[in-house]
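Asker: Line by line, the protein sequences are chains A and B.
Here the first sequence is numbered in this note's numbering, starting from 1 and rising by one per residue.
Here the second sequence is numbered in this note's numbering, starting from 113 and rising by one per residue.
Handing you a structure now.
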Amino acid sequence: MEIVIAIAIGILAASGIWLILRPRSFQVIIGLSLLSYAINLFIFSMGGIKVGSPPLLDPAQKDLTVYADPVPQALVLTAIVIGFATTALFLVVLLASRGLTGGDHVDGREER
Amino acid sequence: MTWSDHLVILPILLPLAAGALAILLDGRVRHGPAAVNLLSTLGLLAIAWTLAWRTLGPGSLADGAQVVRVYLLGDWPSSFGIVLVLDRLSATMLALSATLSVGALVFSLARWHRMGQHFHPLFQFLLMGVNGAFLTGDIFNLFVFFEVMLAASYGLALHGSGEARVKAGMHYIAVNLVASLILLIGASLVYAAAGTLGMADLAMRAPLLDERNRTLLEMGGAALSVAFLVKAAMWPLGLWLPAAYSTAAAPIAAMFAIMTKVGVYALLRFGWLLSDQRSPDFFNAQWLMIGGLATIAFGSLGALASREAPRVAAFLTMVSSGTLLTVVSIGDPSLITAALYYLVSSTLAAGALFCLAELAERGLDERKPAEDQAELAVPLLEAYGLQEEEPQDEEVGVPVPAVLAVLGIGFLACTLLMAGLPPLSGFIAKFAILRAMFETGHTGRAWIVTAALLLSGFATLAAMTRLGMRLFWSDAERPPPKVRVIEAAPVALLLLCCVALTAQAGPAMAYLRGVAEGLSAPSSYIEAVRNAPRMREALAEPPPLGGLFHQEGPAVAPLLVPAPPAAPAAPAGAPAAFPPAGGAP
C-alpha cells in the first residue's frame with residue numbers, strides 16, 4: 001500500500017517538474033497541477049495510511065489507534081482549495097500573456 | 113477578556129472586512145474604495161503601534177521581558193486550535209508594515225490606483241496576508257497567510273497590465289506557486305515527525321524526538337527554509353525578484369519591499385524557537401551565510417549593471433535581503449538587534465526609493481524611446497506603463513518649481529541610506545552590525561562580512577551615483593517632472609521615518625535590543641502559548657468534548673501538557689499524531 005502511494009507520488013511529482021520546465025505556458029500549468037496533486041497525496045500520507053478507519057470520534061471506541069489522523073485530511077482539503085484557486089489565477093495570467101504576446105511561450109517570445 | 117485583548121486579531125480582520133467592502137463599493141461610490149482603503153490602513157497603523165506599545169514588558173525598553181499575547185481562535189486549547197501569537201518581534205514587524213503601507217497607499221492615490229481594477233481590495237488583502245504571517249502561531253496558517261499575501265501580490269504585480277508586467281508576473285507566479293508547494297512538503301514533514309504544527313509545541317517536542325523522527329524533522333526544516341528563502345529572495349532562489357519588482361507599479365513595488373522581509377521574519381522565528389541545543393539544526397546556518405553573501409554579490413553586480421531606476425531599486429532590495437540573511441545566520445542577540453535596525457531602515461528606504469524612482473524617471477524616456485529600447489533585453493518603456501501615462505498627462509498636476517531639487521534631496525537621502533553612508537540610519541545599521549560581529553568574537557566571519565558590506569555599499573554608491581547623473585544631471589534641457597504634493601509627501605514621510613530612526617538611534621536600538629532578547633529566550637513565547645488561558649475555563653464550564661478527552665487522559669495527555677523528558681516515547685510515536693494507547697506513562 002505504502003509503496004503504491006509512494007510510486008504514484010513520485011510519478012506525479014516527476015511529471016510535474018518536467019512539465020514546469022517546459023517552454024509552453026500550458027505545459028507549465030499542467031505541471032503545476034500535477035505537482036500539487038503529488039503534494040496533496042504526500043500530505044495525506046503523512047498522517048499514516050490506514051484502511052477503513054474514520055477520522056471521526058466515536059464515544060464507544062476509546063482506543064485511539066483505530067482512528068485515522070484527521071489533521072492531514074483537514075490540511076489536504078485546505079491545500080486543495082488554495083492550490084485550485086491559485087492555479088485558476090495563473091490561468092488568467094496565462095490567457096493575458098497569450099493575448100498580449102500572441103504566443104504561448106513563457107518568455108513571451110520564441111527562442112532564437 | 114476585555115475588548116483590548118481582541119486587538120490582536122484586528123490586523124487580520126480589519127483588512128479582510130475593508131477589502132470586502134471595497135469590492136462592494138467598487139464602481140458604485142466614486143471615491144468609496146479609496147476612502148475605505150485609506151481609513152483601514154490608517155486604522156492598522158494605529159492598531160500596530162498600540163500593539164507594539166502593549167507588548168513592552170514592565171522593565172526598560174531593552175529588557176528582554178515581554179508580554180506575549182496569545183489569541184485562541186474558537187477558544188480551543190492551543191495544542192489543538194488555531195492560535196495567534198503577538199510578541200515583540202511580531203509587533204515590530206506589524207508596525208513596520210503598517211508604516212510602509214501608509215506611505216505606499218498615499219503615493220498610489222495620486223494616480224496609480226486608477227491604472228487597473230481592484231487596486232484597493234487587493235492592497236487590503238495583501239496587508240491581511242502580511243499581518244497574518246507575522247501573527248500566526250502555527251506552520252500551516254503561515255502557509256495560508258503566505259498564500260493570501262501572494263494571491264493579492266499576483267494581482268498587484270499585474271496592476272496596470274502591459275506586456276512586460278504580464279511576462280514578469282507569470283514568472284513570479286510560477287516560481288512562488290512552486291515555493292508554496294515546497295512549503296506544504298515542509299509543513300507535512302514537520303507534522304509527520306513531531307505530530308504538531310504549532311510553533312510552540314514544535315519547539316517543546318523537537319529536542320525529545322528520536323533519531324528517525326529527527327531526520328524527518330530536519331528534512332521538513334530544509335523544505336520550509338527553501339520556501340522561506342524563495343520569499344526572502346536568496347540567490348539563486350530569488351532570480352524572480354528583479355523583473356517582478358522593477359516592472360510592478362511604483363507604490364506596489366514599495367509595498368513588496370516588506371514581502372522579502374516576511375521570509376526573513378519566518379526564518380528568524382523558526383531559527384530561534386528551535387535554538388535549543390538538543391533540537392535538530394533546523395536551518396543550516398553555514399549555508400545561510402554563504403547564500404546571503406552570494407545574494408549580496410549578485411544584487412550589487414545587478415545594481416551596477418542596470419540603468420533604470422526601478423531595476424536598480426529591485427537589485428538593492430536583494431542586497432538588503434542578502435545582508436539580513438548573512439547577519440541572521442550568525443545569530444547572536446546583539447547581532448539580531450543590529451539586523452532588525454537594518455531591516456527597518458532598509459525597508460523604509462527601499463519603499464521610498466521605489467516611489468522616488470518612478471517620480472524621477474517620469475518624462476525622462478518619453479523623448480528618446482527608440483535608442484533606449486533597442487539595447488534593453490526587456491522593453492522597459494512598457495514596464496513603466498508609459499503608454500498609459502500619456503493620455504493622463506493633464507491629471508498629473510502642474511510643474512512645481514524646484515521640483516528637481518526636492519527629488520534630488522530625496523534621492524541623495526535614499527543613496528546614503530542604501531549605501532550605508534553617514535549620517536543616516538543606513539550607516540548606523542551597518543556600523544552596529546560590524547561592531548556586534550567583532551564584539552561577539554566572530555572575528556573570522558566578521559572580516560568576510562565587513563568586506564561584503566563595504567563592497568556592496570561601494571557598488572550601491574556607484575550604481576546610485578550613475579543613476580543620479582542620468583536622472584538629474586546629464587539632460588539639462590529635460591523638463592522638470594510633474595509631481596504632485598500627494599506624491600512627494602509619502603516619500604518624504606518614509607525618509608523622515610529614517611531620519612527619526614537616525615536621530616533617535618539610542619532608544620530605537622534599545623527597543624530592538626529588547627525584541628532580540630525576547631526572541632533569543634523563546635521560553636516566554638512557548639510558555640505563553642502553552643499556558644494560554646481559555647475563556648471556558650475562566651467561565652468554569654465543562655468542555656463539551658470533555659467526556660472522551662478526560663476519560664482517556666493518559667492517552668492524549670502528551671498533547672495537552674508538556675511531556676517530561678524522562679518519557680521520550682510519548683511524542684515519538686510518529687508518524688501517527690495520536691500516540692498509541694499504551695505508549696504513554
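Backbone N, C-alpha and C define an ideal beta-carbon position, used for all residues, glycine too.
1. Would you please state the rounded distance, in angstroms, between the beta carbons of B:Cys467 and B:Ala378? I believe it to be under 8 Å.
2. For a contact meaning CB atoms closer than 7 Å, what does B:Met316 contact in chain A?
3. Helix, strand or coil: how does DSSP classify B:Pro676 here?
4. What number of angstroms, rounded off, separates the C-alpha of B:Leu465 from the C-alpha of B:Lys542?
5. Could you check whether the Cβ of B:Met293 sits closer than 8 Å to any Cβ belonging to chain A?
6. Can you tell which of B:Ile448, B:Thr359 and B:Leu536 has the C-alpha that lies nearest to the C-alpha of B:Ser632?
7. Quick one: does B:Met282 have its CB under 8 Å from some CB of chain A?
8. Against chain A, does B:Lys279 count as a neighbour if the rule is that its beta carbon must be under 8 Å from one of theirs?
9. Between B:Leu239 and B:Leu156, which are expected to be in contact by the criterion C-beta below 8 Å, what is the C-beta distance as a whole number of angstroms?
10. In this structure, what does DSSP give as the bridge partners for B:Leu184?
11. How close, in whole Å, do the beta carbons of B:Gly215 and B:Pro591 come, if the pair is a contact with beta carbons under 8 Å?
12. Measuring CA to CA, which of B:Tyr183, B:Gly403 and B:Ala450 is closest to B:Ala622?
13. What span of residues does the alpha helix (DSSP H) with B:Ala644 cover, start to end?
14. Between B:Met331 and B:Asn253, what straight-line distance do the alpha-carbon atoms span, to the nearest angstrom?
15. Using beta-carbon positions only, say whether A:Ile39 and B:Ile297 come within less than 8 Å of one another.
16. For chain B, find out if any of its Cβ atoms is closer than 8 Å to the Cβ of A:Phe84; answer yes or no.
17. Tell me B:Asp138's beta-bridge partners as DSSP assigns them.
18. Whose CA, out of B:Ala356, B:Ala276, B:Arg223 and B:Asp187, lies closest to the CA of A:Val108?
19. Taking the alpha helix (DSSP H) that A:Tyr67 falls in, what are its first and last residues?
20. Out of B:Arg474, B:Leu460 and B:Met549, point me to the one whose CA is closest to B:Leu101's CA.
21. Looking only at its own chain, which residues have a Cβ that is under 7 Å from the Cβ of B:Ala575, when we skip the five neighbours before and after it?
22. Closest to B:Leu198 by C-alpha separation, out of B:Val179, B:Phe570 and B:Leu212, would be which residue?
23. On the CB-based measure, 16 or more other CB atoms within 10 Å of its CB, does A:Pro59 come out buried or exposed?
24. Assuming B:Val287 and B:Val242 make a contact with CB atoms under 8 Å, what is their CB distance in whole Å?
25. Where does A:Arg24 fall in DSSP's three states?
26. Short check: CB of B:Leu380 to CB of B:Leu201, under 8 Å?
27. In chain order, what residues of the stretch 96-109 of chain A put their CB closer than 8 Å to some CB of chain B?
28. Among B:Leu436, B:Ala360, B:Leu452 and B:Leu349, whose alpha-carbon lies nearest the alpha-carbon of B:Ala469?
29. From B:Thr438, B:Arg642 and B:Thr204, pick the residue whose C-alpha is nearest to that of B:Val561; which is it?
30. Can you grab the Cα-Cα spacing for the pair B:Leu122 / B:Leu168, in whole Å?
31. Rounded to whole angstroms, what is the Cα-Cα separation between B:Pro233 and B:Ser152?
32. Give me the subset of the stretch 327-360 of chain B whose CB atoms are less than 7 Å from a CB atom of chain A, sorted by chain position.
33. Tell me which same chain residues have a C-beta within less than 7 Å of the C-beta of B:Pro445, skipping the five on either side of it?
34. Check for me: the alpha helix (DSSP H) holding B:Lys343 runs from which residue to which?
35. Apply the 10 Å Cβ neighbour rule to B:Arg324 and answer buried if 16 or more other Cβ atoms are within range, or exposed otherwise.
36. Verify the CB distance criterion: does B:Leu605 have a CB-CB separation below 8 Å to chain A?
Answerer: Once the coordinates are examined:
1. Reading the second sequence from its first residue, position 355 is the one you call residue 467 of chain B. Reading the second sequence from its first residue, position 266 is the one you call residue 378 of chain B. No, B:Cys467 and B:Ala378 are not in contact; Cβ-Cβ is about 26 Å, not under 8 Å.
2. Position 204 of the second sequence holds residue 316 of chain B. Within 7 Å Cβ-Cβ: nothing; B:Met316 doesn't reach chain A, min ~17 Å.
3. Residue numbering aside, residue 676 of chain B sits at position 564 when the second sequence is read from its first letter. Here B:Pro676 scores only 41 on pLDDT, less than 50, and its place in the model is too uncertain to base an answer on.
4. The count along the second sequence starts at 1 and reaches residue 465 of chain B at position 353. The count along the second sequence starts at 1 and reaches residue 542 of chain B at position 430. If I take the Cα positions, the gap works out to 19 Å.
5. The residue you call residue 293 of chain B lines up with position 181 of the second sequence. In the sequence under discussion, the amino acid at residue 293 of chain B is Leu, which differs from the Met named in the question. Cβ-Cβ to chain A under 8 Å: yes for B:Leu293.
6. Taking the first residue of the second sequence as position 1, residue 632 of chain B is located at position 520. The shortest Cα separation from B:Ser632 among B:Ile448, B:Thr359 and B:Leu536 belongs to B:Ile448.
7. Taking the second sequence and counting its residues from 1, the one referred to as residue 282 of chain B is at position 170. Answer yes: the Cβ-Cβ gap between B:Met282 and chain A drops below 8 Å somewhere.
8. Here residue 279 of chain B refers to the residue found at position 167 of the second sequence. Output row for B:Lys279: interface = yes.
9. Here residue 239 of chain B refers to the residue found at position 127 when the second sequence is read from its first residue. Here residue 156 of chain B refers to the residue found at position 44 when the second sequence is read from its first residue. That pair is a contact at about 7 Å.
10. Working through the second sequence from its first residue, we reach residue 184 of chain B at position 72. B:Leu184 pairs with B:Val195.
11. Counting from one through the second sequence, the residue named residue 215 of chain B turns up at place 103. Counting from one through the second sequence, the residue named residue 591 of chain B turns up at place 479. Wrong, their Cβ atoms sit about 26 Å apart, outside the cutoff.
12. In the second sequence, residue 622 of chain B corresponds to position 510, counting from 1. Nearest option by C-alpha distance: B:Ala450.
13. For the purposes of this step, residue 644 of chain B is taken as residue 532 along the second sequence, with counting starting at 1. No alpha helix (DSSP H) contains B:Ala644, which DSSP labels as neither H nor E.
14. Walking along the second sequence from the start, residue 331 of chain B turns up at place 219. Walking along the second sequence from the start, residue 253 of chain B turns up at place 141. Computed Cα separation, rounded: 20 Å.
15. For the purposes of this step, residue 39 of chain A is identified with residue 39 of the first sequence, where counting begins at 1. For the purposes of this step, residue 297 of chain B is identified with residue 185 of the second sequence, where counting begins at 1. Taking 8 Å as the Cβ cut-off, A:Ile39 and B:Ile297 qualify as a contacting pair.
16. Translated into the one-based positions of the first sequence, residue 84 of chain A becomes position 84. It does not: the Cβ of A:Phe84 has no partner Cβ on chain B nearer than 8 Å.
17. For the purposes of this step, residue 138 of chain B is taken as the residue at position 26 of the second sequence. Paired residues: none, contrary to the question.
18. Start at 1 with the first residue of the first sequence, and residue 108 of chain A comes out as number 108. One detail in the question is off: residue 108 of chain A reads as Gly in this sequence, not Val. Residue B:Ala276 is the option with its Cα nearest to A:Gly108.
19. Start at 1 with the first residue of the first sequence, and residue 67 of chain A comes out as number 67. Segment: none, A:Tyr67 is in no alpha helix (DSSP H) and carries neither H nor E.
20. Because residue 101 of chain B is not part of the residues shown, which for chain B are 113 to 697, the question remains open.
21. Translated into positions along the second sequence, residue 575 of chain B becomes position 463. Closer than 7 Å at the Cβ level, and outside the excluded window around B:Ala575, lie Ala415, Leu416 and Val424.
22. For this step, residue 198 of chain B is matched to residue 86 along the second sequence. Among B:Val179, B:Phe570 and B:Leu212, the Cα nearest to that of B:Leu198 is on B:Val179.
23. What you label residue 59 of chain A is simply residue 59 of the first sequence in a count that begins at 1. Exposed, since its Cβ has fewer than 16 Cβ neighbours within 10 Å.
24. For the purposes of this step, residue 287 of chain B is identified with residue 175 of the second sequence, where counting begins at 1. For the purposes of this step, residue 242 of chain B is identified with residue 130 of the second sequence, where counting begins at 1. The pair is not a contact, with the Cβ atoms about 19 Å apart (cut-off 8 Å).
25. Counting from one through the first sequence, the residue named residue 24 of chain A turns up at place 24. Reduced to three states, the DSSP call for A:Arg24 is strand.
26. As a working note, residue 380 of chain B is residue 268 in the second sequence. As a working note, residue 201 of chain B is residue 89 in the second sequence. Against a cut-off of 8 Å, the Cβ pair of B:Leu201 and B:Leu380 comes out as a contact.
27. Ala96, Ser97, Leu100, Thr101, Val106, Asp107 and Gly108
28. Taking the second sequence and counting its residues from 1, the one referred to as residue 469 of chain B is at position 357. Here the closest residue by C-alpha is B:Ala360.
29. Locating residue 561 of chain B in the second sequence gives position 449, counting from the first residue. Among B:Thr438, B:Arg642 and B:Thr204, the Cα nearest to that of B:Val561 belongs to B:Thr438.
30. On the second sequence, position 10 is the one that residue 122 of chain B refers to. On the second sequence, position 56 is the one that residue 168 of chain B refers to. Looking at the two C-alpha atoms, the distance is approximately 19 Å.
31. If you number the second sequence from 1, residue 233 of chain B lands on position 121. If you number the second sequence from 1, residue 152 of chain B lands on position 40. Between B:Pro233 and B:Ser152, the C-alpha separation is close to 11 Å.
32. Per Cβ criterion, the list is empty.
33. Position 333 of the second sequence holds residue 445 of chain B. For B:Pro445, where only same-chain residues beyond five positions count, the Cβ hits under 7 Å are Ala628, Glu629 and Ser632.
34. Within the second sequence, numbered from 1, the residue matching residue 343 of chain B stands at position 231. Element bounds for B:Lys343: Glu323 to Lys343.
35. The count along the second sequence starts at 1 and reaches residue 324 of chain B at position 212. So B:Arg324 counts as exposed.
36. Against the second sequence, residue 605 of chain B aligns to sequence position 493. Answer no: the Cβ-Cβ gap between B:Leu605 and chain A never drops below 8 Å.
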